[in-house]
Amino acid sequence: MSNMIWKIKSFEEITTSELYEIIKARIDVFVVEQNCPYHDLDGYDRQAIHIWAERENNVLAYCRIFNKGIKYPETSIGRVLTTEKGRGKSIGKQLIQYAVETIENRFHTSEIRISAQDYLLRFYSGFGFEDTGKKYLEDNIPHTEMFRK
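Heads up, the working numbering is the position in the sequence shown plus 114, with the first residue counted as 1.
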């Protein structure tokens, strides 16, 4: 995709405009599309590394990653999304690839735990994530905890 750029930043490095677009994307996908009122601003953004693709200031895909001991004893990836403008272009696959590589490079581990929406289990298994058997409803959406060794 032309003029698409990837960004990997700590909270301190994100500009106000970038933060606005990130939160807008998270609310558009998780709150509006998935019809799910939940606490998007959960107090964890300052501790995360944020990874996203953008074109003309529009976020196309986004996730945040955490070092060990913040969300789980292991590192983790969360708030994974592809916006309407970014769908059907395999950007989601690139996003997870970048997230895994960033964790390996910055946190020096390949052990990652995630909370996956159930319809994405096959998608994540393609990156070496395995179903832990731990299933639960999060904001009324079926989730499964997955782990990558």
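Ideal Cβ positions, reconstructed from N, Cα and C, are used throughout, including at glycine.
Check                                                                                                                                                         : Outcome
Taking residue 155 and residue 177 to be in contact with their CB atoms under 8 Å, please state how far apart those CB atoms are, rounded to whole angstroms. : The Cβ separation is near 16 Å, so there is no contact.
Buried or exposed for residue 263, going by 16 or more other Cβ atoms inside 10 Å?                                                                            : exposed
Output yes or no for whether 8 Å exceeds the beta carbon distance between residue 221 and residue 189.                                                        : yes
Can you give the beta carbon distance from residue 287 to residue 179, rounded, assuming they're within the 8 Å contact cut?                                  : Here the chain covers residues 115 to 263 and nothing more, so residue 287 does not appear.
CA-CA distance, residue 235 and residue 256?                                                                                                                  : 11 Å
Using 8 Å as the threshold, is the C-beta distance between residue 214 and residue 197 below it?                                                              : no
According to DSSP, residue 168 sits in a beta bridge with which residue or residues?                                                                          : 119, 173
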